[in-house]
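*Asks:*
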Amino acid sequence: MADTEEPRRALSLDRWRGADGGVWLLFAGVVALLVLAPVISLGLIASRGSGDLWPHLIENVIPVAFRVTFILLLGVGVLVTAIGAGTAWLVTAYDFPGRRILDWALLLPLAVPTYIVAYAYLDILHPIGPVQTTLRAILGLTSPRDLWFPEIRSMAGCIILFSLVLYPYVYLSTRALFLMQAAGLVEAAETLGARRRPVFFRIALPLARPAIVVGTSLALMEALNDVGASEFLGIRTLTVSIYSTWINRSSLPGAAQIALLMLFIIVTLIVVERWARRKQRFTGSAQRSQPLVPRQLTGVRGWATFLLGALPVLLGFVVPASYLVNEAWKRIRFNGIAPSILTETGNTILISSIATVFTVCLGLAVAYAARLNRHGIGSVLVRTASLGYALPGTVLAISILTPLANLDNLISGFSQELFGVSTGLLISGSGAALVYAYTTRFLAISVGGIEAGFEKIPRSLDHSARSLGHTPGPVLRAIHLPLLRPTIGAAALLVFVDCMKELPATLLLRPLNFETLATHLYAEASRGTYEDGAVAALAIVLFGLFPVILLARFARPAALTGGRAAIVADGHL
Amino acid sequence: MNQLTDQQMWDGEPTAAPVAINWHDAKPALTVDGIRQTYGRVTALDGVSFDLAAGEILALVGHSGSGKSTLLRVAAGLERPASGRVFLDGTEVCGPGRFVPPERRGVGLMFQDYALFPHMTVLQNIAFGLSRLSRAEADRIARATLDSVGLGACADDYPHALSGGEQQRVALARALAPGPNVLLMDEPFSNLDRRTRDIVRDETIAVLRRNRATAILVTHDPEEAMRLADRIVLLRSGRVVQTGTSEELYRRPASLFVARFFSEFDEVEGVVKNGAADSALGRFAANGFADGAKATICVRPNAIRVGKRGSGVDARIVSRRFLGETDLLHITVDGVPRSLHARVPAGAAIAGDDAIGIEIAPDDVMVFPESDARPRARG
Chain A
339 MADTEEPRRA LSLDRWRGAD GGVWLLFAGV VALLVLAPVI SLGLIASRGS
389 GDLWPHLIEN VIPVAFRVTF ILLLGVGVLV TAIGAGTAWL VTAYDFPGRR
439 ILDWALLLPL AVPTYIVAYA YLDILHPIGP VQTTLRAILG LTSPRDLWFP
489 EIRSMAGCII LFSLVLYPYV YLSTRALFLM QAAGLVEAAE TLGARRRPVF
539 FRIALPLARP AIVVGTSLAL MEALNDVGAS EFLGIRTLTV SIYSTWINRS
589 SLPGAAQIAL LMLFIIVTLI VVERWARRKQ RFTGSAQRSQ PLVPRQLTGV
639 RGWATFLLGA LPVLLGFVVP ASYLVNEAWK RIRFNGIAPS ILTETGNTIL
689 ISSIATVFTV CLGLAVAYAA RLNRHGIGSV LVRTASLGYA LPGTVLAISI
739 LTPLANLDNL ISGFSQELFG VSTGLLISGS GAALVYAYTT RFLAISVGGI
789 EAGFEKIPRS LDHSARSLGH TPGPVLRAIH LPLLRPTIGA AALLVFVDCM
839 KELPATLLLR PLNFETLATH LYAEASRGTY EDGAVAALAI VLFGLFPVIL
889 LARFARPAAL TGGRAAIVAD GHL
Chain B
107 MNQLTDQQMW DGEPTAAPVA INWHDAKPAL TVDGIRQTYG RVTALDGVSF
157 DLAAGEILAL VGHSGSGKST LLRVAAGLER PASGRVFLDG TEVCGPGRFV
207 PPERRGVGLM FQDYALFPHM TVLQNIAFGL SRLSRAEADR IARATLDSVG
257 LGACADDYPH ALSGGEQQRV ALARALAPGP NVLLMDEPFS NLDRRTRDIV
307 RDETIAVLRR NRATAILVTH DPEEAMRLAD RIVLLRSGRV VQTGTSEELY
357 RRPASLFVAR FFSEFDEVEG VVKNGAADSA LGRFAANGFA DGAKATICVR
407 PNAIRVGKRG SGVDARIVSR RFLGETDLLH ITVDGVPRSL HARVPAGAAI
457 AGDDAIGIEI APDDVMVFPE SDARPRARG
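Chains A and B, in that order, give the protein sequences.
Counting in the working numbering, the final residue of the first sequence is number 911, and the numbers go up one at a time with none missing.
Counting in the working numbering, the final residue of the second sequence is number 485, and the numbers go up one at a time with none missing.
(1) Please name the residue in V347/B, R318/B, R316/B and R303/B whose C-alpha comes closest to that of R333/B.
(2) By Cβ distance below 6 Å, which residues in the same chain neighbour R437/A in space, the five residues on each side in sequence not counted?
(3) Runs of 4 residues minimum, wholly inside the stretch 523-548 of chain A: which ones carry the alpha helix (DSSP H) assignment?
(4) In chain A, what lies closer than 9 Å to R238/B by C-beta?
(5) Pick helix, strand or coil for S216/B, following the three-state DSSP scheme.
(6) Assuming I817/A and A803/A make a contact with CB atoms under 8 Å, what is their CB distance in whole Å?
(7) Less than 8 Å between C-beta atoms, sequence neighbours within five positions excluded: which residues of the same chain meet that for I490/A?
(8) Just to confirm, does Y432/A get its C-beta within under 6 Å of one of the non-hydrogen atoms of the ligand ADP?
(9) Quick one, are the C-beta atoms of V834/A and T694/A less than 7 Å apart?
(10) Return the CA-CA distance between E465/B and A391/B, expressed in angstroms with no decimal places.
(11) Do G203/B and D139/B have their CB atoms nearer than 7 Å?
(12) How would you list, in chain order, the residues of chain B whose beta-carbon sits under 7 Å from the beta-carbon of R709/A?
(13) DSSP state of H447/B, grouped into three classes?
(14) Kindly indicate which residue of T575/A, R709/A, G415/A and I400/A has the alpha-carbon position closest to the one of P810/A.
(15) For G592/A and L734/A, which I take to be in contact (beta-carbon distance under 8 Å), what is that distance rounded to the nearest angstrom?
(16) Quick one: measure Cβ to Cβ for A594/A and I383/A, integer angstroms, because I've assumed they're closer than 8 Å.
(17) Alpha carbon to alpha carbon, how far is P224/B from Q230/B? Give it in angstroms, no decimals.
(18) At a Cβ threshold of 7 Å, is T621/A touching chain B?
(19) Of all the CB atoms in chain B, is at least one closer than 7 Å to the CB of P820/A?
(20) Kindly list the residues whose CB is nearer than 8 Å to the CB of L653/A, restricted to its own chain and excluding five residues on each side of it in sequence; keep chain order.
(21) With 8 Å as the limit, tell me which residues of the stretch 782-806 of chain A have their beta carbon closer than that to any beta carbon of chain B; keep them in chain order.
(22) Express the C-alpha separation of V524/A and K839/A in angstroms, rounding to a whole number.
(23) For the stretch 264-281 of chain B, which residues have a beta carbon sitting closer than 9 Å to at least one beta carbon of chain A?
(24) Rounded to the nearest angstrom, what separates I338/B and V213/B at their Cα positions?
(25) Pick out the complete beta strand (DSSP E) segments inside the stretch 268-314 of chain B, 3 residues or longer, and give them in chain order.
(26) Using a Cβ-Cβ cut-off of 7 Å, state whether G235/B counts as contacting chain E.
(27) Look at the Cβ atom of Q274/B, then the Cβ atom of L222/B, and state whether they are nearer than 7 Å.
(28) May I ask you to report which of helix, strand or coil DSSP gives V471/B?
(29) For F620/A, which of helix, strand or coil comes out of DSSP?
(30) Going by the CB atoms, is the gap between A830/A and V657/A shorter than 7 Å?
(31) I'd like to confirm the pairing. Which residues does DSSP put opposite A708/A in its beta bridges?
(32) With a threshold of 8 Å, are at least 3 pairs of Cβ atoms found where one atom belongs to the stretch 253-262 of chain B and the other to the stretch 165-183 of chain B?
(33) Smallest Cα separation from M472/B: which of E373/B, A452/B, E162/B and A455/B?
(34) Using the Cβ count rule (16 or more neighbours within 10 Å means buried), how would you classify V450/B?
(35) E293/B to A321/B, Cα distance in whole Å?
(36) Considering only the alpha carbon of each residue, which of T144/B, D152/B, G146/B and L136/B lies closest to L341/B?
This is the structure:
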């Protein structure tokens with residue numbers, strides 16, 4: 339019996355059909371294909387060739403855009419690392435007045451999308467804005483021309499603004515790592531006579547390198563995805579070039595060609611991130627120790643430390659948010675809440691909710707299929723389904739618009755032939771394209787979150803439930819769903835807010851005359867009347883606060899369970 | 107479910123099978139035939155076969171990584187083997203072109219972590235496997251099963267409110283409630299502390315006997331296997347090394363590996379001459395060995411009899427430990443590199459007189475070919 343060797347391929351197909359997931363796997367495969375479709379379509383569009391435009395692109399657009407993008411990414415990378423890792427170390431290694439507030443407040447800038455921080459600061463730092471007016475009053479100057487002030491519409495301005503709202507990605511990952519495993523090594527270094535500051539550079543920073551790379555690559559992906567802010571600040575990045583090549587030059591293949599080049603950069607980023615994360619997993623499991631007991635800083639030094647740590651929160655959140663509140667309040671007081679804002683809010687919530695439902699349901703199915711098929715292709719499907727997050731909204735829009743338009747024509751043609759009625763732009767016109775784009779782009783968030791939730795449920799529960807006579811579907815409903823409820827809720831919230839904030843894909847794929855808060859804001863900004871978008875901007879920031887609260891709430895108990903030392907450390911504050 | 111009081115259930119139950127049964131004559135409840143399982147290049151199971159008679163409790167033992175848990179998962183249908191067949195009550199549930207998923211196999215499962223559903227009450231947990239029955243009927247059976255493990259009062263509690271031992275009993279009740287053909291238990295006692303474990307083990311076996319349940323128990327603990335099982339299957343690197351009752355495995359191990367797994371002894375080298383192994387401790391029967399072959403002589407601690415210097419082999423006591431009814435002696439013998447352990451009646455070796463002579467009882471000595479690195483598979 340033991341020596342009957344069956345053909346390998348037949349066997350693996352057999353396995354695929356049998357014990358390990360069946361229809362779930364098939365479904366996950368379809369989802370993965372849907373996510374992969376835009377990349378394939380992008381390649382097809384690009385291969386059509388942009389004709390006369392290509393020489394122009396290769397000579398004038400691409401080199402500049404490449405250089406600009408590179409400098410932007412480099413600058414943002416350096417700055418988010420400095421701010422994110424620096425603040426993470428500050429609240430980990432030192433205890434000073436306001437540390438516990440800062441611990442979560444440092445996440446607040448996550449709520450402000452890049453385009454909003456750009457609009458806000460342009461106004462705040464405008465020659466007749468509050469900052470320069472005050473400065474002139476102090477210096478006794480009368481004309482705006484007498485005061486030299488750095489130009490915010492510059493590469494430096496763009497880098498600083500991006501960093502102010504993107505550093506929390508680095509802060510979050512680095513802080514988690516410090517909490518988990520810094521203490522032992524840091525304390526060992528200190529017993530060997532090192533002081534806390536050199537310990538940061540020689541022990542903590544090298545230790546946190548994987549976490550920093552993960553956070554930084556997330557921040558850079560966001561920077562790459564941005565189109566609103568960089569266009570507004572006059573920085574012609576690859577993303578902006580893609581957008582304008584398509585919109586202004588009406589060359590889809592040209593845009594697709596630039597997009598393919600951009601995908602290359604993203605793939606590089608992902609490879610670097612994966613490489614770093616592999617190491618992190620290793621160290622994370624190898625050395626789990628009690629959190630570091632922070633060093634007390636009192637008096638002037640304590641307050642100075644607080645101010646230093648509070649600066650990013652102040653500039654990245656408090657200032658732009660207060661500006662928005664002030665502007666929004668002025669507008670509401672004079673004009674009331676415009677009905678258009680209510681419609682746009684409704685549109686935003688509607689389309690984001692629909693996309694969220696899709697994203698979470700598909701994410702659940704993919705994650706469950708991977709759980710059922712642990713040894714097989716399940717994990718490959720999960721990875722494929724998560725690819726969409728790497729596609730900037732602009733690239734995604736380019737790649738799905740043409741196929742969907744073709745599909746629309748096809749359906750319409752059939753309908754015309756069969757029923758004599760044209761369905762028109764059934765998919766692109768209904769917002770289905772937008773839902774597809776959101777789902778593709780944010781599926782990674784729901785799959786990743788739900789997968790992490792699944793990991794916390796012992797597999798023995800699944801096995802017991804199966805052996806008690808229930809098939810995989812009912813097991814999911816009766817056992818996993820109740821246990822996953824908080825995880826699914828959190829994933830849904832994250833996806834919802836990301837859909838709501840999403841600008842480039844929304845701009846390009848929304849149905850005609852369908853305005854969301856983000857597109858409204860973009861339209862105002864294009865007209866140069868961005869102050870009028872203050873109410874919409876404020877609404878986006880307010881919605882964006884929910885995931886921040888969630889992160890702050892869930893990060894803290896996790897930190898506290900790290901060991902009794904943490905409770906002691908927190909207790910004496 | 108039998109209508110029994112808790113007391114009847116738990117007290118005075120035999121831990122061995124009530125009547126001596128010749129398991130091989132009974133109709134097999136489970137047959138595992140030539141199971142092979144591979145993960146990439148790793149072979150987890152390499153042609154494992156055995157039968158399990160109805161009402162029999164069989165222990166699958168082996169070191170970690172020997173494939174015992176994998177075999178259990180294959181039997182339950184949680185994993186599909188690379189080749190081989192599984193029969194339940196004579197019906198093929200796994201074989202070439204045939205695979206019955208776990209939910210249609212009618213096997214009960216118990217895990218080391220009990221795998222109780224944390225969001226359901228104890229009663230809901232037990233009723234989970236009774237969903238094909240009407241609600242009232244399911245409720246009635248669930249309550250009766252719960253009563254039978256002595257936890258009737260905990261029906262509406264959530265699992266986290268119970269102690270480890272209680273959770274284990276709920277898991278047992280949940281697995282037994284649907285009346286499975288076979289109960290498969292994966293290290294079901296290893297999460298309990300030592301004292302609780304002894305009690306829970308006896309209780310569990312009592313419940314299994316009372317229900318005439320057929321069960322496989324996976325464990326790494328030879329003592330647990332010997333204590334609970336009618337028959338033991340010892341696995342090593344995915345192969346069956348030996349199958350038999352605990353006495354067979356203890357008294358007549360098929361190889362040095364089996365002997366080492368089930369008992370403690372000191373190993374002494376010897377050379378075979380005329381059907382007996384010569385060693386520093388004397389000659390021991392080694393039938394079927396070639397002349398000149400090296401042999402490993404295994405001496406159990408209670409095989410050593412202590413006497414006056416001059417009788418038997420000269421030896422020296424290097425330390426004594428008082429263990430109550432017996433003394434544990436460490437003894438050195440010229441020509442034996444490591445000290446030997448001897449368990450002797452308390453006071454058998456007079457204090458102060460360390461120069462002694464020892465005799466070895468041949469019944470408690472086993473001789474194996476020395477190069478017994480690989481196990482010899484035996485049915």
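Think of the CB as a built atom: it goes at the ideal place given N, C-alpha and C, for glycine as much as any other residue.
*Replies:* According to the data block:
(1) In the second sequence, the residue the question calls residue 333/B occupies position 227. The option with the nearest alpha carbon to R333/B is R303/B.
(2) The sequence position of residue 437/A within the first sequence is 99, counting from 1. Cβ neighbours of R437/A beyond the five flanking positions: V429.
(3) 534-537
(4) Position 132 of the second sequence holds residue 238/B. What R238/B touches in chain A: G807.
(5) To locate residue 216/B, count along the second sequence from 1; it is residue 110. As written in the sequence, residue 216/B is Met, which differs from the Ser given in the question. Reduced to three states, the DSSP call for M216/B is strand.
(6) The count along the first sequence starts at 1 and reaches residue 817/A at position 479. The count along the first sequence starts at 1 and reaches residue 803/A at position 465. Contact flag correct, Cβ pair sits at about 5 Å.
(7) Locating residue 490/A in the first sequence gives position 152, where the first residue counts as 1. Cβ within range, chain order: Y459, L460, L463, L499 and L571.
(8) What this structure holds is no ligand at all, so the ligand ADP is not there to describe.
(9) Taking the first residue of the first sequence as position 1, residue 834/A is located at position 496. Taking the first residue of the first sequence as position 1, residue 694/A is located at position 356. The sequence shown places Phe at residue 834/A, rather than the Val named in the question. In contact: F834/A and T694/A (Cβ atoms closer than 7 Å).
(10) Along the second sequence, read from residue 1 onward, the residue named residue 465/B stands at position 359. Along the second sequence, read from residue 1 onward, the residue named residue 391/B stands at position 285. Straight-line Cα distance between these residues: approximately 15 Å.
(11) Here residue 203/B corresponds to residue number 97 of the second sequence, with the count starting at 1. Here residue 139/B corresponds to residue number 33 of the second sequence, with the count starting at 1. No, Cβ-Cβ distance for G203/B and D139/B is not below 7 Å.
(12) Locating residue 709/A in the first sequence gives position 371, counting from the first residue. Residues of chain B passing the Cβ test: none, with the nearest at roughly 13 Å.
(13) Against the second sequence, residue 447/B aligns to sequence position 341. It is a strand residue.
(14) Here residue 810/A refers to the residue found at position 472 of the first sequence. Answer by Cα proximity: R709/A.
(15) Taking the first sequence and counting its residues from 1, one reaches residue 592/A at position 254. Taking the first sequence and counting its residues from 1, one reaches residue 734/A at position 396. Not a contact, Cβ separation roughly 17 Å.
(16) For the purposes of this step, residue 594/A is taken as the residue at position 256 of the first sequence. For the purposes of this step, residue 383/A is taken as the residue at position 45 of the first sequence. Confirmed, Cβ separation roughly 4 Å.
(17) As a first step, residue 230/B must be located in the second sequence, where it is residue number 124. As a first step, residue 224/B must be located in the second sequence, where it is residue number 118. Taking the straight line from one Cα to the other gives about 10 Å.
(18) By one-based count along the first sequence, residue 621/A stands at place 283. For T621/A, the pLDDT reaches just 44, beneath the cut-off of 50, and the residue's location in the model is therefore unreliable, leaving the point undetermined.
(19) The sequence position of residue 820/A within the first sequence is 482, counting from 1. Judged by the 7 Å Cβ criterion, P820/A is in contact with chain B.
(20) As a working mapping, residue 653/A is identified with position 315 in the first sequence. Same-chain partners within the cutoff: L502.
(21) P796, S798, L799, H801, S802, A803, R804, S805 and L806
(22) Here residue 839/A refers to the residue found at position 501 of the first sequence. Here residue 524/A refers to the residue found at position 186 of the first sequence. Cα to Cα, K839/A sits roughly 40 Å from V524/A.
(23) A277, R280 and A281
(24) Here residue 338/B refers to the residue found at position 232 of the second sequence. Here residue 213/B refers to the residue found at position 107 of the second sequence. Cα-Cα distance, rounded: 20 Å.
(25) 288-292
(26) In the displayed structure, chain E is absent; the protein chains listed are A and B.
(27) Along the second sequence, read from residue 1 onward, the residue named residue 274/B stands at position 168. Along the second sequence, read from residue 1 onward, the residue named residue 222/B stands at position 116. No.
(28) Within the second sequence, residue 471/B is the residue found at index 365, counting from 1. If DSSP states are grouped into helix, strand and coil, V471/B belongs with the strands.
(29) Position 282 of the first sequence, counting from 1, holds the residue named residue 620/A. Bear in mind that the predicted position of F620/A carries a pLDDT of just 41, short of 50, making it too unreliable to give a figure here.
(30) Working through the first sequence from its first residue, we reach residue 657/A at position 319. Working through the first sequence from its first residue, we reach residue 830/A at position 492. Going by C-beta atoms, V657/A is not nearer than 7 Å to A830/A.
(31) Reading the first sequence from its first residue, position 370 is the one you call residue 708/A. According to DSSP, which records beta bridges pairwise, A708/A is partnered with nothing at all.
(32) no
(33) Here residue 472/B refers to the residue found at position 366 when the second sequence is read from its first residue. Nearest option by C-alpha distance: E373/B.
(34) Here residue 450/B is taken as the residue at index 344 of the second sequence, counted from 1. Its Cβ being crowded by 16 or more others within 10 Å, V450/B is buried.
(35) Position 187 of the second sequence, counting from 1, holds the residue named residue 293/B. Position 215 of the second sequence, counting from 1, holds the residue named residue 321/B. C-alpha separation (whole angstroms): 13 Å.
(36) As a working mapping, residue 341/B is identified with position 235 in the second sequence. Cα-wise, what sits closest to L341/B is D152/B.
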